[in-house]
Amino acid sequence: MVGGNCRLAFAFGHRGDTFHGSQVQPGLRTVQSSLQEALYELGFIKKANASGQPCILSSRTDAGVHVRMNIAAIDIPEAVWDGMGESGFLTAMNDQLDGDIAVWGAQKAGNNWNPRRAISRTYRYRLEGCFDWRGAEKKQFCEWLNVFVGQHDFNNFRKVDEVPSTVREILSLKPWIENEIIIGFEIQGRAFLWNMVRRIAAALCGLSKGVFTIEKVLQALNEPNVEHDLGLAVADWLILWEVEHEEINLSQKARVLILEHPLSRPPNRYDNRANDRWIERAKLEQIMLCHSEWEGLIS
5 MVGGNCRLAF
15 AFGHRGDTFH
25 GSQVQPGLRT
35 VQSSLQEALY
45 ELGFIKKANA
55 SGQPCILSSR
65 TDAGVHVRMN
75 IAAIDIPEAV
85 WDGMGESGFL
95 TAMNDQLDGD
105 IAVWGAQKAG
115 NNWNPRRAIS
125 RTYRYRLEGC
135 FDWRGAEKKQ
145 FCEWLNVFVG
155 QHDFNNFRKV
165 DEVPSTVREI
175 LSLKPWIENE
185 IIIGFEIQGR
195 AFLWNMVRRI
205 AAALCGLSKG
215 VFTIEKVLQA
225 LNEPNVEHDL
235 GLAVADWLIL
245 WEVEHEEINL
255 SQKARVLILE
265 HPLSRPPNRY
275 DNRANDRWIE
285 RAKLEQIMLC
295 HSEWEGLIS
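Going by my numbering, the sequence shown opens with residue 5, and the numbers climb by one from there.
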């Protein structure tokens with residue numbers, strides 16, 4: 005403990021369509037800046053300055069990506085935390101924040117706990133929202149998914165930026181099924197490259213449409229130093245579902261909650277007007293799915 009402070013971990017979710025991504029950007033509304041403004045107004049933290057941001061996020065997300073669960077860390081006066089506990093913290097934060105972001109869990113962590121060091125991160129992607137998705141039989145779809153599982157160099161499945169390594173390990177990749185129909189996939193790994201999940205989604209859409217063969221996808225994985233562009237799926241259908249850490253149990257709270265989220269089925273792909281209407285409806289379903297989860301987790 006330093007200066008009577010303790011490290012606090014808190015879980016939150018937010019809509020992706022109302023923020024310019026997660027990280028602070030001057031002059032833009034972002035998740036990190038909104039959280040920090042609320043924390044500052046409540047007197048929990050000091051204002052951000054050149055030395056760094058006082059609120060550290062576990063996972064970074066782009067604009068458009070919805071979040072059911074992310075984790076943040078702050079240093080807060082221990083006396084303040086002891087006086088209000090989790091319930092008081094959640095009430096104070098959610099009273100201060102707008103309705104498109106919700107804080108639903110909080111607990112003390114070790115003084116050196118780092119939210120960036122997650123055991124795993126889990127995303128869900130709703131493929132049926134992509135125009136190029138043509139569906140697949142479960143057996144075939146699982147074969148496609150298994151290609152990505154394990155450790156690979158995902159250089160062809162990322163947005164180019166400076167990273168020490170493009171090698172990542174996919175721990176789990178399975179179909180997202182509603183009413184016995186594959187609507188997308190759930191992917192779990194320790195860490196992901198920028199745009200990695202959306203590029204995997206684009207590859208799966210290409211396989212379903214017959215634009216790519218499985219050999220082409222394997223080439224992109226096995227030849228990381230040769231450019232293979234399999235496309236980039238849109239952000240609208242991606243949800244950061246869960247983040248797990250060793251020292252805190254907020255992800256366990258998320259797993260206890262089991263809610264039904266009936267999702268509508270897309271119409272005939274060649275009826276453009278009906279399909280456009282359904283796309284707008286399905287986007288709202290993505291938002292409602294997150295809101296329902298937050299409400300259940302807060303209560």
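We put the CB at the ideal spot given by N, CA and C, even for glycine. Since we're looking at a predicted model, the values are computed, not measured.
Excluding the five sequence neighbours on either side, which residues of its own chain have a C-beta within less than 7 Å of the C-beta of residue i, listed in chain order?
{"i": "ILE78", "result": "LEU12, LEU43, PHE48, ILE49, PRO58, CYS59"}
{"i": "LEU177", "result": "LEU149, PHE152, VAL153, PHE189, ILE191"}
{"i": "TRP137", "result": "LEU131, CYS209, SER212"}
{"i": "LYS257", "result": "GLY109, LEU301"}
{"i": "PRO271", "result": "ALA278, ASN279, TRP282"}
{"i": "ASN9", "result": "ASP79, ILE80, PRO81, GLU82"}
{"i": "HIS295", "result": "none"}
Please determine, among the options, the residue with the shortest C-alpha to C-alpha distance to residue i.
{"i": "ASN199", "options": "ALA239, LYS112, VAL221", "result": "ALA239"}
{"i": "TRP282", "options": "SER268, MET292, SER37", "result": "SER268"}
{"i": "GLY17", "options": "ALA83, LEU94, GLY193", "result": "LEU94"}
{"i": "GLN111", "options": "ASP86, GLN27, ASP102", "result": "ASP86"}
{"i": "ASP104", "options": "ASN279, GLU147, ASP21, ASN253", "result": "ASP21"}
{"i": "PHE143", "options": "VAL201, ARG259, ILE186, GLY68", "result": "Looking at the sequence shown, residue 143 is not Phe but Lys. When only C-alpha atoms are compared, the closest one is ILE186."}
{"i": "ALA237", "options": "ALA96, ARG203, GLU166, GLY8", "result": "ARG203"}
{"i": "GLN155", "options": "GLY139, VAL167, LEU225", "result": "LEU225"}
{"i": "ILE75", "options": "SER63, ALA140, VAL201, ARG19", "result": "SER63"}
{"i": "GLU297", "options": "ALA286, THR65, GLU264, GLY68", "result": "GLU264"}
{"i": "GLN304", "options": "TRP117, VAL84, ARG121, ARG128", "result": "Nothing about residue 304 can be reported from this structure: the residues present for the chain run from 5 to 303 only."}
Return the chain-ordered list of same chain residues with a C-beta closer than 6 Å to the C-beta of residue i, the five sequence neighbours on each side being excluded.
{"i": "GLU182", "result": "LEU267"}
{"i": "SER255", "result": "GLU246, GLU248"}
{"i": "ALA113", "result": "ARG11, ALA13, GLU251, ILE252"}
{"i": "PRO119", "result": "ILE60, SER62, ILE75, ALA77"}
{"i": "GLY235", "result": "ALA206"}
{"i": "GLY25", "result": "THR34, ASP66, ALA67"}
{"i": "ALA96", "result": "LEU46"}
Buried or exposed: which applies to residue i, given that a residue is buried once 16 or more other Cβ atoms fall within 10 Å of its Cβ?
{"i": "ARG273", "result": "exposed"}
{"i": "PHE23", "result": "buried"}
{"i": "PHE14", "result": "buried"}
{"i": "VAL221", "result": "buried"}
{"i": "SER37", "result": "buried"}
{"i": "VAL230", "result": "exposed"}
{"i": "THR217", "result": "exposed"}
{"i": "PHE145", "result": "buried"}
{"i": "PHE135", "result": "exposed"}
{"i": "SER1", "result": "The structure shown has nothing for residue 1, since the chain only spans 5 to 303."}
{"i": "MET2", "result": "Because residue 2 is not part of the residues shown, which for the chain are 5 to 303, the question remains open."}
{"i": "ASN160", "result": "buried"}
{"i": "GLY214", "result": "exposed"}
{"i": "ARG259", "result": "exposed"}
{"i": "GLY133", "result": "buried"}
I need the boundaries of the alpha helix (DSSP H) containing residue i, first residue and last residue.
{"i": "PHE93", "result": "82 to 100"}
{"i": "GLN223", "result": "218 to 226"}
{"i": "GLU190", "result": "Unbroken run through GLU190 is the beta strand (DSSP E), 185 to 193; no alpha helix (DSSP H)."}
{"i": "GLU264", "result": "Unbroken run through GLU264: none, as it is neither H nor E."}
{"i": "GLY31", "result": "Run containing GLY31: none; DSSP gives neither H nor E here."}
{"i": "GLY210", "result": "200 to 213"}
Taking the beta strand (DSSP E) that residue i falls in, what are its first and last residues?
{"i": "VAL247", "result": "242 to 248"}
{"i": "CYS10", "result": "9 to 18"}
Leaving out five residues before and five after residue i in sequence, what residues of the same chain have Cβ atoms less than 8 Å from its Cβ?
{"i": "MET5", "result": "Any reading at MET5 must be qualified, since the residue scores a pLDDT of 43, below 50, and its modelled position is unreliable; the value itself is stated next. GLU82, ASN115, listed in sequence order."}
{"i": "ILE123", "result": "ARG194, GLU248, HIS249, GLU250"}
{"i": "GLU45", "result": "GLN100"}
{"i": "GLY31", "result": "none"}
{"i": "ASP165", "result": "TRP198"}
So with Cβ pairs under 9 Å, would you call residue i a contact of chain D?
{"i": "MET292", "result": "Looking for chain D here will not work: only one protein chain is present."}
With a floor of 3 residues, list each beta strand (DSSP E) that falls wholly inside the stretch 98 to 180, ordered by position along the chain. 105 to 113, 124 to 129, 154 to 157
Counting only runs of 3+ residues fully inside the stretch 268 to 298, write out the beta strand (DSSP E) ranges in chain order.
none
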